[in-house]
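Enquirer: Numbering (our numbering), first residue to last: 124 to 207.
For each residue, glycine too, the CB sits at the ideal point set by N, CA and C.
For clarity, every value in this text was computed on a predicted model and none was experimentally measured.
There's a structure below that I have some questions on.
Structural data, given as structure tokens:
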């Protein structure tokens with residue numbers, strides 16, 4: 124069983140932070156023709172930081188790019204139909 128972090132009421136948990144990768148992946152999927160690598164994705168997400176909800180870090184971008192690529196690889200849908 125994986126070691127899952129248990130949060131207590133004393134821990135500060137921000138929903139925007141927890142959802143940042145998912146939101147970033149959503150934005151990347153919507154703008155799939157505007158980026159081809161992680162650097163392009165980073166600058167695209169920087170332009171859309173207000174939609175992500177938090178300042179975009181390179182770690183968030185890497186995770187979002189990986190999520191989009193896995194989604195594209197695992198589906199036979201066209202890019203416009205991809206949901207992450």
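Taking only the alpha-carbon atoms, compute the straight-line gap between residue 202 and residue 164 and give it to the nearest angstrom.
Expert: Here the model assigns residue 202 a pLDDT of 49, short of 50, so the residue's position is not dependable, and the following value carries that caveat. If you take the alpha carbons of residue 202 and residue 164, they lie about 16 Å apart.
Enquirer: By DSSP, does residue 180 sit in helix, in strand, or in coil?
Expert: In the structure shown, residue 180 sits in coil (DSSP, three-state: anything other than H, G, I, E or B).
Enquirer: Go ahead and pull the three-state DSSP assignment for residue 166.
Expert: Correct three-state label for residue 166: helix.
Enquirer: Buried or exposed for residue 140, please, with buried defined as at least 16 other CB atoms from any protein chain shown within 10 angstroms of its CB.
Expert: Residue 140 should be labelled exposed.
Enquirer: Between the C-alpha atoms of residue 160 and residue 187, what's the straight-line distance to the nearest angstrom?
Expert: About 12 Å.
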